[in-house]
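Residue numbers (this note's numbering): 420 to 615.
Okay, structure coming up:
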(Lines of atoms letter the chains of each structure in order from A and count residues from 1; the text may use other names and numbers.)
(Lines give C-alpha, C1' and ligand atoms only; values in the text may rest on other atoms or scores of the structure.)
Protein backbone atom coordinates (compact mmCIF):
# COMPACT_ATOMS: atom_id res chain seq x y z
CA UNK A 1 0.00 0.00 0.00
CA UNK A 2 2.79 2.44 0.95
CA UNK A 3 4.64 1.68 -2.31
CA UNK A 4 1.49 2.43 -4.33
CA UNK A 5 1.01 5.83 -2.61
CA UNK A 6 4.63 6.74 -3.36
CA UNK A 7 4.16 5.75 -7.02
CA UNK A 8 1.03 7.91 -7.28
CA UNK A 9 2.81 10.91 -5.71
CA UNK A 10 5.77 10.50 -8.06
CA UNK A 11 3.40 10.22 -11.05
CA UNK A 12 1.51 13.40 -10.05
CA UNK A 13 4.76 15.34 -9.58
CA UNK A 14 6.02 14.09 -12.96
CA UNK A 15 2.81 15.10 -14.76
CA UNK A 16 2.76 18.55 -13.14
CA UNK A 17 6.44 19.12 -13.88
CA UNK A 18 6.16 18.08 -17.51
CA UNK A 19 3.06 20.26 -17.97
CA UNK A 20 4.88 23.26 -16.51
CA UNK A 21 7.92 22.65 -18.71
CA UNK A 22 5.73 22.15 -21.78
CA UNK A 23 3.99 25.50 -21.17
CA UNK A 24 7.21 27.40 -20.49
CA UNK A 25 9.07 29.41 -23.09
CA UNK A 26 12.77 28.66 -23.45
CA UNK A 27 15.11 31.39 -24.72
CA UNK A 28 18.73 31.55 -25.83
CA UNK A 29 20.42 34.98 -25.94
CA UNK A 30 23.61 35.70 -27.84
CA UNK A 31 25.18 38.98 -26.77
CA UNK A 32 28.10 41.36 -27.13
CA UNK A 33 29.18 43.46 -24.16
CA UNK A 34 31.25 46.35 -22.90
CA UNK A 35 32.30 45.55 -19.35
CA UNK A 36 33.78 48.22 -17.10
CA UNK A 37 35.56 46.25 -14.38
CA UNK A 38 37.09 49.15 -12.46
CA UNK A 39 40.70 48.32 -11.61
CA UNK A 40 40.67 45.55 -14.24
CA UNK A 41 39.98 48.17 -16.96
CA UNK A 42 37.18 48.52 -19.51
CA UNK A 43 36.81 45.28 -21.46
CA UNK A 44 34.80 44.05 -24.42
CA UNK A 45 33.43 40.56 -24.80
CA UNK A 46 30.55 38.23 -25.53
CA UNK A 47 28.16 35.94 -23.73
CA UNK A 48 25.40 33.37 -23.84
CA UNK A 49 22.24 33.36 -21.76
CA UNK A 50 19.69 30.56 -21.35
CA UNK A 51 16.33 31.51 -19.85
CA UNK A 52 12.97 29.90 -19.18
CA UNK A 53 9.68 31.51 -18.25
CA UNK A 54 8.00 30.68 -14.96
CA UNK A 55 5.19 33.18 -15.68
CA UNK A 56 4.33 35.32 -18.70
CA UNK A 57 6.35 38.18 -17.23
CA UNK A 58 9.03 36.42 -15.15
CA UNK A 59 12.01 34.42 -16.42
CA UNK A 60 14.84 32.66 -14.64
CA UNK A 61 18.19 32.52 -16.42
CA UNK A 62 21.84 31.51 -16.42
CA UNK A 63 24.29 33.86 -18.18
CA UNK A 64 27.95 33.15 -18.95
CA UNK A 65 30.10 36.07 -20.17
CA UNK A 66 33.73 36.50 -21.17
CA UNK A 67 35.47 39.85 -21.62
CA UNK A 68 39.07 41.02 -22.02
CA UNK A 69 41.29 43.90 -23.04
CA UNK A 70 44.98 44.45 -23.66
CA UNK A 71 46.70 47.56 -22.31
CA UNK A 72 49.88 48.93 -23.97
CA UNK A 73 49.90 46.31 -26.75
CA UNK A 74 53.20 45.46 -28.46
CA UNK A 75 55.28 47.15 -25.74
CA UNK A 76 57.24 45.93 -22.75
CA UNK A 77 54.28 46.95 -20.55
CA UNK A 78 51.68 44.91 -22.46
CA UNK A 79 49.15 43.56 -19.97
CA UNK A 80 46.03 41.49 -20.61
CA UNK A 81 42.97 41.87 -18.38
CA UNK A 82 40.22 39.23 -18.43
CA UNK A 83 36.97 38.46 -16.63
CA UNK A 84 34.59 35.49 -16.76
CA UNK A 85 31.21 35.56 -15.01
CA UNK A 86 28.59 32.85 -14.58
CA UNK A 87 25.42 34.27 -13.03
CA UNK A 88 22.04 32.76 -12.12
CA UNK A 89 19.18 35.24 -11.85
CA UNK A 90 15.67 36.42 -12.52
CA UNK A 91 14.20 38.76 -15.13
CA UNK A 92 10.95 40.73 -15.00
CA UNK A 93 9.49 41.64 -18.40
CA UNK A 94 7.00 44.52 -18.63
CA UNK A 95 5.19 44.51 -22.00
CA UNK A 96 4.14 47.92 -23.31
CA UNK A 97 0.55 47.70 -24.50
CA UNK A 98 -0.11 48.03 -28.25
CA UNK A 99 3.62 48.11 -29.07
CA UNK A 100 6.04 45.24 -29.80
CA UNK A 101 8.35 46.52 -27.04
CA UNK A 102 9.13 45.34 -23.51
CA UNK A 103 11.11 46.80 -20.61
CA UNK A 104 13.20 44.33 -18.60
CA UNK A 105 14.58 44.43 -15.07
CA UNK A 106 16.97 41.69 -14.01
CA UNK A 107 19.22 40.73 -11.12
CA UNK A 108 21.69 37.88 -10.80
CA UNK A 109 24.54 36.52 -8.69
CA UNK A 110 27.14 33.82 -9.06
CA UNK A 111 30.81 33.11 -9.73
CA UNK A 112 33.33 35.54 -11.17
CA UNK A 113 36.98 35.17 -12.20
CA UNK A 114 39.32 38.07 -12.93
CA UNK A 115 42.88 37.83 -14.25
CA UNK A 116 45.71 40.30 -14.90
CA UNK A 117 48.51 38.83 -17.03
CA UNK A 118 51.58 40.92 -17.99
CA UNK A 119 53.41 39.83 -21.14
CA UNK A 120 56.84 40.62 -19.67
CA UNK A 121 57.98 39.67 -16.17
CA UNK A 122 60.05 42.87 -16.02
CA UNK A 123 56.98 45.14 -16.20
CA UNK A 124 56.69 45.18 -12.41
CA UNK A 125 53.23 43.60 -12.49
CA UNK A 126 52.85 39.95 -11.47
CA UNK A 127 50.28 37.48 -12.79
CA UNK A 128 47.08 37.80 -10.79
CA UNK A 129 44.02 35.59 -10.96
CA UNK A 130 41.25 34.79 -8.55
CA UNK A 131 37.82 33.20 -8.33
CA UNK A 132 35.20 35.02 -6.32
CA UNK A 133 31.53 35.87 -6.13
CA UNK A 134 29.69 38.59 -7.98
CA UNK A 135 26.32 40.12 -8.59
CA UNK A 136 24.65 42.47 -11.03
CA UNK A 137 21.54 44.53 -11.77
CA UNK A 138 20.36 45.50 -15.26
CA UNK A 139 17.56 47.37 -17.02
CA UNK A 140 16.86 46.91 -20.71
CA UNK A 141 14.59 47.09 -23.71
CA UNK A 142 13.44 44.29 -26.01
CA UNK A 143 11.94 44.64 -29.49
CA UNK A 144 9.66 41.73 -30.38
CA UNK A 145 10.72 41.53 -34.02
CA UNK A 146 9.04 38.16 -34.60
CA UNK A 147 7.70 35.46 -32.31
CA UNK A 148 11.13 33.81 -32.43
CA UNK A 149 13.59 36.73 -32.70
CA UNK A 150 13.91 39.57 -30.18
CA UNK A 151 16.80 42.08 -30.32
CA UNK A 152 17.62 43.70 -26.97
CA UNK A 153 19.90 46.12 -25.17
CA UNK A 154 20.66 46.25 -21.43
CA UNK A 155 22.67 48.53 -19.18
CA UNK A 156 23.53 47.76 -15.60
CA UNK A 157 26.10 47.43 -12.86
CA UNK A 158 28.17 44.39 -11.94
CA UNK A 159 30.44 43.89 -8.92
CA UNK A 160 32.93 41.09 -8.18
CA UNK A 161 34.35 40.43 -4.70
CA UNK A 162 37.60 38.66 -3.89
CA UNK A 163 39.65 37.75 -0.81
CA UNK A 164 43.30 37.44 -1.93
CA UNK A 165 44.86 38.83 -5.15
CA UNK A 166 42.12 41.44 -5.65
CA UNK A 167 41.18 41.94 -2.00
CA UNK A 168 41.96 45.66 -2.06
CA UNK A 169 40.95 46.24 -5.70
CA UNK A 170 37.67 47.68 -6.92
CA UNK A 171 36.44 45.17 -9.52
CA UNK A 172 33.12 46.40 -10.81
CA UNK A 173 31.34 48.96 -12.91
CA UNK A 174 28.83 49.56 -15.67
CA UNK A 175 27.99 46.90 -18.21
CA UNK A 176 26.38 47.49 -21.61
CA UNK A 177 24.95 44.46 -23.40
CA UNK A 178 23.35 44.15 -26.84
CA UNK A 179 22.19 41.01 -28.53
CA UNK A 180 19.42 38.86 -29.92
CA UNK A 181 17.07 36.54 -28.04
CA UNK A 182 15.91 33.42 -29.85
CA UNK A 183 12.79 31.64 -28.63
CA UNK A 184 13.66 27.95 -29.01
CA UNK A 185 10.57 26.57 -27.26
CA UNK A 186 7.14 28.16 -27.00
CA UNK A 187 6.64 31.56 -28.58
CA UNK A 188 6.93 35.24 -27.78
CA UNK A 189 3.92 37.49 -27.32
CA UNK A 190 1.50 37.30 -30.23
CA UNK A 191 2.30 39.93 -32.84
CA UNK A 192 -1.05 39.58 -34.61
CA UNK A 193 -3.39 40.04 -31.66
CA UNK A 194 -1.69 42.00 -28.90
CA UNK A 195 -0.73 45.18 -30.76
CA UNK A 196 -3.91 46.02 -32.65
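Backbone N, C-alpha and C define an ideal beta-carbon position, used for all residues, glycine too.
Confirm, please, whether the CB-CB distance from residue 524 to residue 535 is below 8 Å. By one-based count along the chain shown, residue 535 stands at place 116. By one-based count along the chain shown, residue 524 stands at place 105. Cβ atoms of residue 535 and residue 524: not closer than 8 Å.
Enumerate in chain order the residues of its own chain whose CB-to-CB distance from residue 497 is below 6 Å, with the five nearest sequence positions on each side excluded. Within the chain shown, numbered from 1, the residue matching residue 497 stands at position 78. Only 491 and 538 meet the Cβ criterion.
I'd like the span of the beta strand (DSSP E) that includes residue 508, first residue to last. On the chain shown, position 89 is the one that residue 508 refers to. It spans 498-514 - the beta strand (DSSP E) in which residue 508 sits, taken as one unbroken run.
Count the other CB atoms within 10 Å of the CB of residue 477; is the residue buried (16 or more) or exposed (fewer)? In the chain shown, residue 477 corresponds to position 58, counting from 1. When all chains shown are included, residue 477 counts as exposed.
Rounded to whole angstroms, what's the CA-CA distance from residue 510 to residue 495? Just pull it up for me. As a position in the chain shown, residue 510 is number 91, starting the count at 1. As a position in the chain shown, residue 495 is number 76, starting the count at 1. Taking the straight line from one Cα to the other gives about 44 Å.
Give the DSSP-derived three-state secondary structure of residue 443 in the structure shown. Here residue 443 refers to the residue found at position 24 of the chain shown. DSSP places residue 443 in coil when its eight states are reduced to three.
With the cut-off set at 8 Å, would you say residue 507 and residue 529 are in Cβ contact? For the purposes of this step, residue 507 is taken as the residue at position 88 of the chain shown. For the purposes of this step, residue 529 is taken as the residue at position 110 of the chain shown. Going by C-beta atoms, residue 507 is nearer than 8 Å to residue 529.
Could you tell me which residues DSSP puts in a beta bridge with residue 531? Counting from one through the chain shown, the residue named residue 531 turns up at place 112. Paired residue(s): 504 and 551.
Please go through the same chain and pick out, in chain order, the residues whose beta-carbon is closer than 6 Å to the beta-carbon of residue 481, but skip the five residues on each side of it. The residue given as residue 481 occupies position 62 in the chain shown. Only 469 and 507 meet the Cβ criterion.
DSSP has residue 524 in a bridge; who is on the other side? In the chain shown, the residue the question calls residue 524 occupies position 105. Beta-bridge pairing links residue 524 to 511 and 558.
So what's residue 601 in DSSP terms, helix, strand or just coil? Position 182 of the chain shown holds residue 601. The answer is strand: DSSP assigns residue 601 an E or B state.
With a Cβ-Cβ cutoff of 8 Å, do residue 461 and residue 531 count as a contact? Stepping through the chain shown from its first residue, residue 461 is reached at position 42. Stepping through the chain shown from its first residue, residue 531 is reached at position 112. Not closer than 8 Å, so no.
Terminal residues of the beta strand (DSSP E) in which residue 567 lies: Taking the first residue of the chain shown as 1, we reach residue 567 at position 148. Premise fails: residue 567 is in no beta strand (DSSP E) and is neither H nor E.
Coil, strand or helix - residue 475 by DSSP: The sequence position of residue 475 within the chain shown is 56, counting from 1. Correct three-state label for residue 475: coil.
Roughly how many angstroms separate the alpha carbons of residue 471 and residue 487, rounded to a whole number? Counting from one through the chain shown, the residue named residue 471 turns up at place 52. Counting from one through the chain shown, the residue named residue 487 turns up at place 68. So the alpha carbons of these two residues sit roughly 29 Å apart.
As assigned by DSSP and simplified to three states, the class of residue 588: Indexing the chain shown from 1 puts residue 588 at position 169. Looking at residue 588 - three-state DSSP - the assignment turns out to be coil, as it is neither helix nor strand.
With DSSP run on the structure shown, which of helix, strand or coil describes residue 448? Start at 1 with the first residue of the chain shown, and residue 448 comes out as number 29. Note: residue 448 maps to strand in three-state DSSP.
Buried or exposed (CB count within 10 angstroms, at least 16 for buried), residue 475: Working through the chain shown from its first residue, we reach residue 475 at position 56. Looking at its Cβ environment, which holds fewer than 16 other Cβ atoms inside 10 Å, residue 475 is exposed.
From 568, 565 and 485, residue whose alpha carbon lies closest to that of residue 414: Residue 414 cannot be examined here, being either before or after the span of the chain that is shown, 420 to 615.
What does a CB cutoff of less than 6 Å around residue 448 pick up in its chain, not counting 5 residues either side in sequence? Taking the chain shown and counting its residues from 1, the one referred to as residue 448 is at position 29. Excluding positions up to five away in sequence, the list reads 468, 598 and 600.
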